[in-house]
Amino acid sequence: MKTPLLILLLIFSLLSCESSHKDATALCGCYTELHRAVPLKKVEIIGDSCSNLYIEILNRLKADQKELKLFEKALANCQ
Numbered sequence: 021m022k023t024p025l026l027i028l029l030l031i032f033s034l035l036s037c038e039s040s041h042k043d044a045t046a047l048c049g050c051y052t053e054l055h056r057a058v059p060l061k062k063v064e065i066i067g068d069s070c071s072n073l074y075i076e077i078l079n080r081l082k083a084d085q086k087e088l089k090l091f092e093k094a095l096a097n098c099q
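Going by the numbering used here, the first residue of the sequence shown is number 21, and it counts up by one from there.
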């Protein structure tokens, strides 16, 4: 009885692990800082920084559609 349960747990843990993307992790960190910011000026500065980072990442990855899709999937997982 324990063996099927252990096998199911192993399969579930392997399927639930999503690969992360370093650019998505960086952008998610930026968005986290944005949501923690309090003064309006700081929110504007961090928001601009996150937008610039997102545009920079998209420009860098636009030539590699496979990598871009990985980034978008990882970004959706962290939001």
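We put the beta carbon where it would ideally sit given N, CA and C, even for glycine.
Anticipated Cβ contact below 8 Å, residue i with residue j, distance rounded
i, j, result
"I66", "E53", "5 Å"
Buried or exposed by the 16-neighbour rule on C-beta atoms within 10 Å, applied to residue i
i, result
"L95", "buried"
"D43", "buried"
Same chain, Cβ closer than 8 Å to residue i, neighbours up to 5 away in sequence not counted
i, result
"L78", "L88"
"L73", "A46, L47, C50"
Residues near residue i in its chain [Cβ-Cβ closer than 7 Å; skip 5 each side]
i, result
"S40", "A94"
Separation of residue j from residue i, as counted between CA atoms
i, j, result
"K61", "D68", "11 Å"
"A83", "E92", "14 Å"
"R56", "L81", "28 Å"
Cβ shell of residue i (< 6 Å), same chain only, five flanking positions each side left out
i, result
"L34", "The predicted position of L34 is uncertain, since its pLDDT is 46 and thus under 50; no value can be drawn from it."
Secondary structure, alpha helix (DSSP H): runs of 4+ residues fully inside the stretch 39 to 84: Counting only runs of 4+ residues, the alpha helix (DSSP H) found wholly inside the stretch 39 to 84 occupies 42 to 56, 60 to 81, in chain order.
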